[in-house]
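Residue numbers (my numbering), protein chains in the order written: chain S, 21 to 512; chain F, 1062 to 1406.
No residue lacks a Cβ here, since even glycine has one placed at the ideal position from N, Cα and C.
Read the structure below first, then the notes.
Shown next, in the form of structure tokens:
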């Protein structure tokens, strides 16, 4: 089924989000839809998916003009939208998830489990999968959950599947599994819209690309005619650096050291040292234990054995506020659940760590509070409206900067960043890397946890690789390559 | 763009109705008061007479509800933090019993036995009462924050324990409250008994400031909205939770003092029963969300007033007492439905 979107315009109030945007997709084509947060990708796809209606412009399927007033109409036309947050119910088996809302019933009105299982099995065969339809979704790993969503789209006879950031929570081998399925779908003439920030994956799996910037389509074409830096440049509007940054600073004194730190089953016998002025990376595949390890260092979880030293002195960290007093700062992963308070304003989110210190004569000193945030806002180049606006009004990258801001005001000695550029677009990513390096130059011991080898190589001076809860190696200089990191991360 | 004055007013009205929850609560109160005025009637010789009747009615309403109103202030913090406190009525009775035993001017009075009477005795008794309230609150707080017990269960337990223990201990006792103590609630100002109202007002102002302008107040909101993020931002979640229940305990103690000083005794079996539900209703009607993280002290004052005025209104109309409680239920349900609609829009 050929898709053509032409001259699509959409405004929210005075905010022009899409300015006469065009988009094309043929059958059996995987097209990447690229753009920074706020460029208009979600709005365009929401229009295709019937969630929003365009102010003007038309949608043509096989040359026929279509109008989608609701998601149901878009679905009926054969367009399936797989969102970033998967819509699966963990406590139900796969086949019930496949038919949720459209359950097959027997003549007497009761559920026809046998038919649902059979239909599910047939779809799986079509995709060459050996999954048991009766398996509970809870027991599936992230890649299979993604695959189940794709299967559900096929079951509903989707000819076009929109996938929004399908690989953010997947490890490399899991991504390969999903890509195999996508290639099969391509064989079967299904068209796929692939929305992603991961340009290298785009190069690997996509046939074509369309780039949006500030609501305008700025580039489109065949993937084989461009490189990732071309794509990045289209998205951002200027050249994006890809060479290794590195702090180039002399390493200072020992700030944090771990000796034999253990908490089964997450991590065991961990020895490491972080120095002032150095950016230390910690990487590995899903399940390596690095997030749990540094959660414990920050006092959010406990350790059963081992010693932690700060500046050479042994400490027992039993709570997060104690860790904060000791000069440890922590920017967690999954910003929405762990990093921001969505009911609060930008200002409050940006200063929560310092509220107690901002008290004077029994009351919060709002003047100092605003001044403190202004300072960080300038230093981090946070793009925002009013301080009193809700934190949710900001893009992912700017939200992350606010999370950083709240910690930087305390001038921490050790800064731990877990997945700092998760859900952040290319432009803001670069700004965050610059901020990390600046902090290292100012003498902070920065620890970056990430699953993206490229990111580690780009911004860290050296990196530790973890596998199943243990540190299996260190890479630096010559040995800091993707190949070596992957080798260690897979246990080799 | 305002084409006519009427359209401009409508737009301003709907905009505020959607965006500010306090606005809709205020409007609801206004409607109630208008109905109340109508119910009061205009069968008076002069405006002065009508005004006197109106004021006296209002002073009665406010004075009768000051006790629960103060508890509703504390309940606001508890609910915003994501918790709930069912034990307030029973805790009040326990603290009341202790205070009465201390100021008892009869033979079994504890302080009188030590030779302490009069104002010093009252001060000591009140201080101990507040301390006891804080202590009981900390107990609840420890159960909730350190043992991870759901607040509903923890305070349900406290509720049962406090009242029955108090009833048991005070079976044989019948303390006499000295007349001077009654002045705390009953001293007349300008010919009227309004001290409880002033206490309520003062505490409302103080707690409003605490909720908006202290680190503690903001941390209560933060924890109620997202406990995990708060913890990961260095907030001492356990301490804040404990303090919320301790604050509730202190306010319950204040209410106990006011109630004892009003009537000179306390019915351990029945005093305070239903206070928790009334306080929760006032807080919810005032716009605070049960899921925590959102709400206001001002809202709870307005919510309390709405309940009080409605009760008075129904009384004036002649609705039988049992049915008046039904109306309370209807308003609470209506308030929450309105809240959900506001969130969705």
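query: Tell me which same chain residues have a C-beta within less than 8 Å of the C-beta of residue 1063/F, skipping the five on either side of it?
result: Locating residue 1063/F in the second chain gives position 2, where the first residue counts as 1. Residue placement at residue 1063/F is poorly supported in this model, since its pLDDT is 47, which falls under 50; the coordinates still yield a value, given next. The residues are 1069 and 1072.
- request: Taking a Cβ distance cut-off of 9 Å, strictly less, list which residues of the region 1289 to 1317 of chain F are near chain S, in chain order.
  value: 1289, 1290, 1291, 1292, 1293, 1294, 1295, 1296, 1297, 1298, 1299 and 1300
- prompt: Going along chain S, which residues have a C-beta under 8 Å from residue 1167/F?
  reply: Here the question's residue 1167/F lines up with position 106 in the second chain. Per Cβ cutoff of 8 Å: no residues; residue 1167/F is ~41 Å from chain S at best.
message: To the nearest angstrom, how far is the alpha carbon of residue 1406/F from that of residue 1080/F?
response: In the second chain, counting from the first residue as 1, residue 1406/F sits at position 345. In the second chain, counting from the first residue as 1, residue 1080/F sits at position 19. Because the pLDDT of residue 1406/F is 46, which lies under 50, any placement of that residue in the model is unreliable, and the number read from its coordinates should be weighed accordingly. Each residue's Cα considered, the two are about 9 Å apart.
- prompt: Whose C-beta lies closer than 6 Å to the C-beta of residue 447/S among residues of the same chain, with five residues either side of it excluded?
  reply: The sequence position of residue 447/S within the first chain is 427, counting from 1. 56 and 256, listed in sequence order.
query: What are the boundary residues of the alpha helix (DSSP H) that residue 1200/F is part of?
result: Here residue 1200/F refers to the residue found at position 139 when the second chain is read from its first residue. Run containing residue 1200/F: 1179 to 1206, per the alpha helix (DSSP H) assignment.
task: Taking residue 1286/F as the query, report the chain S residues whose CB atoms sit under 9 Å from its CB, ordered along the chain.
output: Your numbering for residue 1286/F matches position 225 in the second chain. By Cβ distance, chain S contributes 361, 362, 363 and 364.
message: Going by beta-carbon coordinates alone, are residue 324/S and residue 282/S separated by less than 7 Å?
response: If you number the first chain from 1, residue 324/S lands on position 304. If you number the first chain from 1, residue 282/S lands on position 262. It is a contact, given that the beta carbons lie within the stated cut-off.
message: Would you call the region 1098 to 1117 of chain F in contact with the region 1236 to 1252 of chain F, where contact means no fewer than 3 C-beta pairs closer than 8 Å?
response: no
- request: Check whether the Cβ atoms of residue 500/S and residue 304/S sit closer than 7 Å, and answer yes or no.
  value: Start at 1 with the first residue of the first chain, and residue 500/S comes out as number 480. Start at 1 with the first residue of the first chain, and residue 304/S comes out as number 284. Between residue 500/S and residue 304/S, the gap from beta carbon to beta carbon reaches 7 Å or more.
- prompt: Any C-beta of chain F sitting closer than 7 Å to the C-beta of residue 313/S?
  reply: Locating residue 313/S in the first chain gives position 293, where the first residue counts as 1. So no, residue 313/S is outside the interface.
- prompt: Which two residues bound the contiguous alpha helix (DSSP H) that contains residue 61/S?
  reply: Here residue 61/S is taken as the residue at index 41 of the first chain, counted from 1. 61 to 68 is the extent of the alpha helix (DSSP H) around residue 61/S.
task: Can you check the region 196 to 233 of chain S for any alpha helix (DSSP H) of at least 4 residues that lies completely inside it and give the ranges in chain order?
output: 219 to 225
message: Using the Cβ count rule (16 or more neighbours within 10 Å means buried), how would you classify residue 1350/F?
response: Residue numbering aside, residue 1350/F sits at position 289 when the second chain is read from its first letter. Label assigned to residue 1350/F: buried.
- request: For residue 1274/F, return the contacting residues in chain S, with the cut-off set at a CB-CB distance below 7 Å.
  value: Here residue 1274/F is taken as the residue at index 213 of the second chain, counted from 1. Within chain S, the residues near residue 1274/F are 383 and 384.
- prompt: Residues of chain F with a CB under 7 Å from the CB of residue 373/S: which are they?
  reply: Looking up residue 373/S in the first chain gives position 353. Scanning chain F for C-beta atoms nearer than 7 Å to the C-beta of residue 373/S yields 1294 and 1295, reported in chain order.
field: Neighbouring residues, chain F, relative to residue 183/S (Cβ below 9 Å)
entry: Mapped onto the first chain, residue 183/S falls at position 163. Under the 9 Å cutoff, chain F gives no residues; its nearest Cβ is about 29 Å from residue 183/S.
field: 8 Å contact criterion, which residue 413/S and residue 373/S should meet: CB distance rounded
entry: Position 393 of the first chain holds residue 413/S. Position 353 of the first chain holds residue 373/S. About 21 Å separates the two Cβ atoms, so there is no contact after all.
- prompt: With a CB to CB cut of under 7 Å and the five nearest residues on each side skipped, what residues in its chain are close to residue 1237/F?
  reply: For the purposes of this step, residue 1237/F is identified with residue 176 of the second chain, where counting begins at 1. Excluding positions up to five away in sequence, the list reads 1165, 1166 and 1167.
task: Name the two residues that bound the continuous beta strand (DSSP E) containing residue 281/S.
output: Translated into the one-based positions of the first chain, residue 281/S becomes position 261. Taken as a continuous stretch (DSSP letters only), the beta strand (DSSP E) holding residue 281/S covers 274 to 283.
query: Residues bridged to residue 1373/F by DSSP?
result: For this step, residue 1373/F is matched to residue 312 along the second chain. None; residue 1373/F has no bridge partner.
query: Looking at residue 230/S and residue 68/S, is the spacing between their C-beta atoms short of 7 Å?
result: Numbered from 1 along the first chain, position 48 holds the residue referred to as residue 68/S. Numbered from 1 along the first chain, position 210 holds the residue referred to as residue 230/S. In this structure, residue 230/S does not lie closer than 7 Å to residue 68/S by Cβ.
field: Close beta carbons around residue 1312/F, own chain, < 8 Å, minus the five adjacent residues each side
entry: Numbered from its first residue, the second chain carries residue 1312/F at position 251. In chain order, 1131, 1132, 1134, 1135, 1194 and 1264 place their CB closer than 8 Å to the CB of residue 1312/F, counting only its own chain and leaving out the 5 sequence neighbours on each side.
query: Taking buried to mean at least 16 other C-beta atoms within 10 Å of its own C-beta, is residue 191/S buried or exposed?
result: For this step, residue 191/S is matched to residue 171 along the first chain. Residue 191/S comes out buried.
query: How many whole angstroms separate the CB atoms of residue 1309/F and residue 1146/F, which I take to be in contact at a CB cut-off of 8 Å?
result: Taking the second chain and counting its residues from 1, the one referred to as residue 1309/F is at position 248. Taking the second chain and counting its residues from 1, the one referred to as residue 1146/F is at position 85. With a Cβ gap of about 5 Å, residue 1309/F and residue 1146/F count as contacting.
- request: Check the C-beta distance from residue 1137/F over to residue 1270/F and give it rounded, since I have them as a contact under 8 Å.
  value: Residue mapping note: residue 1137/F aligns to position 76 of the second chain, counting from 1. Residue mapping note: residue 1270/F aligns to position 209 of the second chain, counting from 1. At roughly 13 Å, the Cβ-Cβ gap does not stay under 8 Å, so residue 1137/F and residue 1270/F are not in contact.
Which listed residue (74/S, 94/S and 202/S) has its alpha carbon closest to that of residue 81/S: For this step, residue 81/S is matched to residue 61 along the first chain. For residue 81/S, the nearest C-alpha among the options comes from 94/S.
- prompt: Along chain F, in chain order, which residues have C-beta atoms closer than 7 Å to that of residue 320/S?
  reply: As a position in the first chain, residue 320/S is number 300, starting the count at 1. What residue 320/S touches in chain F: 1292 and 1293.
field: Selection from 425/S, 456/S, 471/S and 454/S that minimises the alpha carbon distance to residue 439/S
entry: By 1-based counting over the first chain, the position of residue 439/S is 419. The candidate whose alpha carbon is nearest that of residue 439/S is 471/S.
message: Rounded to whole angstroms, what is the Cα-Cα separation between residue 1361/F and residue 1082/F?
response: Walking along the second chain from the start, residue 1361/F turns up at place 300. Walking along the second chain from the start, residue 1082/F turns up at place 21. The alpha-carbon atoms of residue 1361/F and residue 1082/F are separated by roughly 12 Å.
Where residue 47/S sits in the DSSP three-state scheme: As a working mapping, residue 47/S is identified with position 27 in the first chain. Taken through DSSP and simplified to helix, strand or coil, residue 47/S comes out as coil.
- prompt: Looking at the structure shown, is residue 1239/F part of a helix, part of a strand, or coil, going by DSSP?
  reply: Here residue 1239/F refers to the residue found at position 178 of the second chain. In the three-state reduction of the DSSP assignment, residue 1239/F falls in the coil class.
- prompt: Under 7 Å, do residue 24/S and residue 46/S count as touching if we go by C-beta distance?
  reply: In the first chain, the residue the question calls residue 24/S occupies position 4. In the first chain, the residue the question calls residue 46/S occupies position 26. Their beta carbons are not under 7 Å apart, which means residue 24/S does not touch residue 46/S by this criterion.
message: Let me see if you follow: with CB-CB separation under 7 Å, is residue 1202/F close to chain S or not?
response: Here the question's residue 1202/F lines up with position 141 in the second chain. Contact with chain S is absent for residue 1202/F, since none of that chain's Cβ atoms lies less than 7 Å from the residue's Cβ.
field: Cβ neighbour criterion (16 or more within 10 Å) applied to residue 451/S
entry: Within the first chain, residue 451/S is the residue found at index 431, counting from 1. When all chains shown are included, residue 451/S counts as buried.
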